[in-house]
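Chains as they are written, first to last, in numbering that gives the first Met the number 0: chain A, 0 to 155; chain B, 0 to 313. Where a beta carbon is used, it is the ideal one built from N, C-alpha and C, also for glycine. None of the values given here were measured: they were computed from a predicted structure. In what follows, a single structure is set out as structure tokens and then discussed.
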Amino acid sequence: MANGLEKNWEPKILAFLCNWCSYAGADLAGTSRVQYPPTIRVIRVPCSGRINPLFILKALQNGIDGVLVSGCHPGDCHYISGNYVGRRKSATLKRFLKYLGFEEGRVQFSWVSAAEGIKFSQVVDEITQSIKKLGPAERFVKRSFEFGVNSSERKS
Amino acid sequence: MIQEKIREKAKELLEKKVVDVIIGFGEGTLPLRATPLFVRSPDEADCLIWNSFCENNLSTYLHKLTQFKVGLVVKGCDSRSIIALSLEKRFKPDQLFLIGVPCQRMVDRRRVKKAVKGEILRAHEQGDQIIVEGEDFKTSLKKDDFLYPSCQLCIHRNPAQANILVGDPVEESPLLEIDPEVKDFESKSVEERWTFFEKESSRCIRCYACREACPMCYCAECFVDSSHPKWVEKGLSPSDLEFYHIVRAYHQTGRCSGCGACERACPMEIRLTYLTRKLNLDVKELYDFEAGCDGELPPPLSTFKTEDKQEFIK
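Set out below in structure tokens:
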């Protein structure tokens, strides 16, 4: 299943952006013509607190190489406290994935405000570099025709 | 004797109609097992037993009995599950009568089976020994050598909350700085950890015994049964098995009392507590919260503090 040793592999990264801050920040990056890697696919959510950890896991299962979750800065949430609740979920999930041996750096979190177009481009750049180093998603990816074959057996 | 006191109390509660049903333990049909028992009349109270095979967390049965007054035999871990459940408002405060038993720790029946050659036909406790008999053997094993890992590491053997305590409180083990099971897993390399997790979850047959045994798993529609959205399929794709284990453990964040009933219920002997213990540790470290200790503090994932740690966020 060699699929990353190809020279032209580009990471596919899913970005959950909160509508009021991060999505607007991404939009600003676009209108300001700031250059950043075209690796992200954006899903707009009302608030970073909307993110169910299952979204992230499902995306990884489907073969996405990385996930970015971005919301408003603490204190600036459009829904007052959504990002605070999201912060706890993110913290516990990130630690758990690291504990399990899932590659650190595939799932990243950021606070990007509506005025931070440049910061957004930097965040995307950083996650793209991390994923490029990690390579394409292998662990946890669902391949439904391979019952009983773990990713470590799959590599051969 | 604890067993006598449980029977006495059960009889009294049923006679006075303080409760409609008592949930305790009865003699199991197989050696080394006790079975959960539902006693509804005072005459049946003499079927209740207490020994080192009473490994189930009986609070898992409360969800079906919300309209009844229930008397429950609880060990240390079970009482903490009750507190965690009451925090989630799963029952009214005056609905339960808790018969608290300071736990002598439960025997790991799997390890006992592996320690003898041949099928075990009878087993009973004698002091600090377990006498195990087969067709052509009879061995005496030291109970303390065959305890469940979750019992060995338990620091809450005395029920945190009970209407009555039917035994003398036992000495609690000291609180360890670092959870030994978590520490052991973390000592593996990143690769080794994923390989271990993968290997463990690959044995899963999706029987959901772990889910049924767990008192905190009570959702009307579990995520595995959801078809819109369909999170996992019903088959045995390794990725789906991993998804199930990750998420079921994750759903216990801030809720798990560490009873180990999940691991004991598993017919494939999959290790599970190393997952939930890590989450418990994180919640304690990040938010100073321990499930089942305080019936007033809100569950950690449904609240927040402005100064929560966020060093991982860019």
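Measure the Cβ-Cβ separation of residue i and residue j and say whether it is below 7 Å.
i                 : j                 : result
Asn162 of chain B : Leu97 of chain B  : yes
Gln60 of chain A  : Phe139 of chain A : yes
Ile48 of chain B  : Gln103 of chain B : no
Asp19 of chain B  : Phe67 of chain B  : yes
Ile82 of chain B  : Gly234 of chain B : no
Gly116 of chain A : Ala28 of chain A  : yes
Ala122 of chain B : Val131 of chain B : yes
Leu274 of chain B : Ala290 of chain B : no
Val100 of chain B : Lys74 of chain B  : yes
Ile79 of chain A  : Gln107 of chain A : no
Leu280 of chain B : Val181 of chain B : yes
Arg87 of chain A  : Phe222 of chain B : no
Gly253 of chain B : Pro214 of chain B : no
Ala208 of chain B : Cys265 of chain B : yes
Glu284 of chain B : Leu271 of chain B : no
Ile129 of chain B : Lys113 of chain B : no
Ser238 of chain B : Lys141 of chain A : yes
Cys17 of chain A  : Val44 of chain A  : yes
Ser31 of chain A  : Asn82 of chain A  : no
Cys258 of chain B : Asn56 of chain B  : yes
Phe145 of chain B : Val106 of chain B : yes
Gly65 of chain A  : Ile130 of chain A : yes
Ser109 of chain A : Val122 of chain A : yes
Asp174 of chain B : Ile204 of chain B : The displayed chain sequence assigns Leu, not Asp, to residue 174 of chain B. No, Cβ-Cβ distance for Leu174 of chain B and Ile204 of chain B is not below 7 Å.
Arg192 of chain B : Met267 of chain B : no
Gly70 of chain B  : Cys46 of chain B  : no
What three-state label does DSSP hand residue i in the structure shown?
i                 : result
Gly230 of chain A : The structure shown does not extend to residue 230 of chain A, since chain A is modelled only from 0 to 155, so the question has no answer here.
Ala33 of chain B  : strand
Ser80 of chain B  : helix
Ile269 of chain B : coil
Met0 of chain A   : Caution applies to Met0 of chain A, whose pLDDT of 42 falls short of 50 and renders its modelled position unreliable; the value that the coordinates give is listed next. Coil, per DSSP.
Ile312 of chain B : strand
Ile154 of chain B : coil
Leu56 of chain A  : helix
Glu125 of chain A : helix
Leu146 of chain B : strand
Asp281 of chain B : helix
Tyr78 of chain A  : coil
Pro73 of chain A  : coil
Ser47 of chain A  : helix
Leu274 of chain B : helix
Leu341 of chain B : One cannot answer for residue 341 of chain B here, as it falls past the ends of chain B, which runs 0 to 313.
Tyr286 of chain B : helix
Ser155 of chain A : Confidence in Ser155 of chain A is poor, its pLDDT being 44 and thus under 50, which makes the residue's placement too unreliable to answer from.
Note the first and the last residue of the continuous beta strand (DSSP E) segment covering residue i.
i                 : result
Arg40 of chain A  : 39–44
Cys17 of chain A  : 12–17
Val106 of chain A : 106–110
Glu26 of chain B  : 20–26
Ser69 of chain A  : 65–70
Have a look at the DSSP bridge pairing and note the partners of residue i.
i                 : result
Lys137 of chain B : B:Glu132
Glu124 of chain B : B:Ile129
Pro163 of chain B : Here the sequence assigns Ile to residue 163 of chain B, which means Pro is not the residue at that position. Its beta-bridge partners are B:Ile98.
In the DSSP assignment, the alpha helix (DSSP H) including residue i goes from what residue to what residue?
i                 : result
Phe95 of chain A  : 81–99
Thr305 of chain B : Looking at the DSSP string, Thr305 of chain B is not in any alpha helix (DSSP H), and its letter there is neither H nor E.
Pro135 of chain A : Per DSSP, Pro135 of chain A belongs to no alpha helix (DSSP H) and is neither H nor E.
Ile1 of chain B   : 1–14
Leu27 of chain A  : 21–30
Arg263 of chain B : 260–264
Exercise for review: Note down, one range per segment and in chain order, each alpha helix (DSSP H) of at least 4 residues found wholly within the segment 175–251 of chain B.
Suggested key: 179–185, 189–201, 208–212, 237–249
Exercise for review: Entirely within the segment 35–119 of chain B and at least 3 residues each: give me those beta strand (DSSP E) ranges in chain order.
Suggested key: 69–73, 95–99
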